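K.L.:
Dropping a structure here in structure tokens format, bear with me for questions.
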Amino acid sequence: MVLYNVTVNIESVVEDEWLHWIKSIHIPKVMATGMFVESKIFKLLHDEGDGSATYSVQFFAASVKQVNEYLETYAPALVQAHMERYKNKHVAFRTLMEQVD
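For this note's numbering, add 775 to where a residue sits in the sequence shown, where the first one is 1.
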């Protein structure tokens with residue numbers, strides 16, 4: 776199993792709207808690509824103290840090949856939509872992890 780993790784720090788003034796959008800629009804579009812078998816979203820439990828919140832949006836795939844296909848074929852448009860919608864209101868970074876048995 777491979778985890779594609781997107782960590783997003785979002786300003787509190789748009790947090791509720793962002794959370795609704797990410798859950799009802801963005802995640803379903805990512806899952807509709809067929810590259811992932813499951814998704815989860817977590818909120819970090821620490822207070823940033825700077826008027827923001829941090830979330831971990833997780834997508835699970837069967838292989839690195841599927842994640843790479845997602846990144847090459849689907850991600851550019853989806854990332855662009857997120858960046859345009861929340862310009863100057865968020866910071867995001869992505870990590871790819873492989874499960875160790």
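Beta carbons: idealized from backbone N, C-alpha and C, even for Gly. Every value quoted in this text rests on a predicted model; they were computed, and no experiment measured them.
With H, G and I counted as helix, E and B as strand and the rest as coil, what does DSSP make of H865?
P.N.:
Along the sequence shown, one-based indexing puts residue 865 at 90. In this structure, H865 counts as strand in the three-state DSSP scheme.
K.L.:
Given the structure, does Q855 come close to the ligand ADP, in the sense that its CB is under 8 Å from one of the ligand's heavy atoms?
P.N.:
The model on display carries no ligand, and the ligand ADP is accordingly not part of it.
K.L.:
What is the DSSP secondary structure of A856, counted as helix, strand or coil?
P.N.:
Your numbering for residue 856 matches position 81 in the sequence shown. It is helical.
K.L.:
Rounded to the nearest angstrom, what separates A856 and D876 at their Cα positions?
P.N.:
Looking up residue 856 in the sequence shown gives position 81. Looking up residue 876 in the sequence shown gives position 101. Approximately 36 Å, taken between the alpha carbons.
K.L.:
Determine whether the beta carbon atoms of F835 and M776 lie at a separation below 9 Å.
P.N.:
For the purposes of this step, residue 835 is taken as residue 60 along the sequence shown, with counting starting at 1. For the purposes of this step, residue 776 is taken as residue 1 along the sequence shown, with counting starting at 1. Yes, these two residues count as a Cβ contact at 9 Å.
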